[in-house]
Amino acid sequence: MAKVLEIIKEPNEILRKISKEIDEKTINSPDFQLLLKDMALTMKKKDGAGLAAPQIGKNIRVITIGLENDVLHIINPVITKKSWAKEWGEEGCLSVPKFFAQVQRHKKIKCNFLDQSGKKKSLETTGFLARVIQHEIDHLDGILFIDKIGNPSPK
Ligand code: CO
């Protein structure tokens with residue numbers, strides 16, 4: 452049975468580490484599959500747009516993204532293309548409770564990753580989904596959105 456995991460809050464050194472890639476062979480193990488289910492349930496219950504493994508205390512390159520009626524598990528993500536164009540948008544984070552700020556992100560990205568069964572996937576996306584993926588991948592590199600906040604009004 453999937454369970455709701457505790458969210459690690461800033462400041463905590465786990466949130467600041469570079470996370471390690473997952474060995475493809477472990478993806479189909481029962482323990483790893485349960486971890487994915489736990490992450491999906493935790494994200495839903497805590498009302499997050501996405502969740503990265505460091506936020507539940509594991510420094511591995513795994514993120515879970517909420518879609519309208521589904522969940523997307525992204526393992527060992529690599530952004531292979533990003534648009535020159537950036538846009539501002541409001542972000543928050545389960546690890547930084549009750550704080551929201553404007554952050555600039557690439558408008559469009561292409562991301563290669565392994566899915567929950569270890570299959571190679573490629574996703575090209577824009578807008579909110581592209582923003583969430585960039586936010587979550589930052590977590591895997593020890594970066595929080597509060598490191599990137601700025602003033603969106605033109606000078
Ligand atoms: Co976050």
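Taking this note's numbering, the leading residue of the sequence shown gets 452, the next gets one more, and so forth.
Each residue gets a CB set at the ideal place from its N, CA and C atoms; glycine is no exception.
Keep in mind that this is a model prediction, so the values were computed, not measured.
Query                                                                           : Result
Cβ distance (whole Å) where A581 is taken to contact I560 below 8 Å             : 5 Å
First and last residue of the uninterrupted beta strand (DSSP E) at I588        : Here I588 belongs to no beta strand (DSSP E); instead the alpha helix (DSSP H) covers 578-591.
heavy atom of the ligand CO below 7 Å from H432 C-beta                          : With the chain covering 452 to 606 only, the question about residue 432 has no answer from this structure.
Best match in N510, L486, N520, H590 for proximity to E472 [C-alpha to C-alpha] : N510
Those residues which DSSP pairs with Q553 across a bridge                       : E541
Between the CA atoms of G499 and I525 - distance to the nearest angstrom        : 16 Å
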